[in-house]
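Scroll down for the structure; my scribbles are underneath it.
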Amino acid sequence: MIDKNGKLFGKISIIDLIIIILVILAGIFAVKKLGIFTPKGNVTDSTDKIQVVFYQEEVNSFTANNVKLGDPTSETLQNMSFGAVTDIQTEDSVSWGEDKDGKQVKSTKNGFNAVYITTETNGVIGPNGINIGGSNYYIGQFITLRVGTSIFYGRIYDAAKI
Numbered sequence: 000m001i002d003k004n005g006k007l008f009g010k011i012s013i014i015d016l017i018i019i020i021l022v023i024l025a026g027i028f029a030v031k032k033l034g035i036f037t038p039k040g041n042v043t044d045s046t047d048k049i050q051v052v053f054y055q056e057e058v059n060s061f062t063a064n065n066v067k068l069g070d071p072t073s074e075t076l077q078n079m080s081f082g083a084v085t086d087i088q089t090e091d092s093v094s095w096g097e098d099k100d101g102k103q104v105k106s107t108k109n110g111f112n113a114v115y116i117t118t119e120t121n122g123v124i125g126p127n128g129i130n131i132g133g134s135n136y137y138i139g140q141f142i143t144l145r146v147g148t149s150i151f152y153g154r155i156y157d158a159a160k161i
């Protein structure tokens, strides 16, 4: 198969073959990234205006106070827009720890808050979760959410059609 000059079948070198394979893989990656062979829409063409509430038990107070109404929101993993902030509520943080008897107890931390961030976006709430822009999300799912110039790591608390 490989002759004394390092050519496969006497015509092509191993290095040429590796380069050709890399070019093909790069082309497949580019086509996939451009979305040429992926479906453009959801299973359903209609979307509703929905309200999604995000909850984080413990976040620095300065991060929670940085969020303003109207700030754009997006989920980091799929870079999906969650619309804009319509409401933000803060309360005492929720920290769990063990007491001297070994029981789990709830407490708060100074300088930290729990935060509820409400957003409005277009999507579909169905029996298989919340579909926003072709991506599925679920109540209780942990996500990393960008809000304006802040970032949060918490869970989807609620979703409802408006």
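The sequence shown maps to residues 0 to 161 in numbering that gives the first Met the number 0. Just so it is clear, CB atoms sit at the ideal spot from N, CA and C, and this is done for glycine as well.
- Proximity to residue 114 across 74, 126 and 53 peaks at 53, based on C-alpha coordinates.
- In this structure, the alpha-carbon of residue 142 lies about 10 Å from that of residue 73.
- About 6 Å separates the beta carbons of residue 112 and residue 58, which is inside the 8 Å limit, making them a contact pair.
- Nearest Cα to residue 90 within the set 14, 55 and 32: 55.
- The C-beta separation of residue 120 from residue 65 comes to about 21 Å, leaving the pair out of contact by the 8 Å criterion.
- As computed with DSSP, residue 125 is found in a beta bridge with 128.
- Annotation: residue 46 to residue 26 spans about 33 Å, alpha carbon to alpha carbon.
- Shown here for residue 157: same chain residues with a beta carbon closer than 6 Å to its own, the five before and five after excluded, namely 52 in chain order.
- Between the alpha carbons of residue 125 and residue 70 lies a gap of roughly 27 Å.
- Distance from the CA of residue 3 to the CA of residue 12, rounded to the nearest whole angstrom, comes to 11 Å.
- Residue 83 places its beta carbon less than 8 Å from that of residue 118.
- Closest by C-alpha distance to residue 77, out of 151, 135 and 101, is 135.
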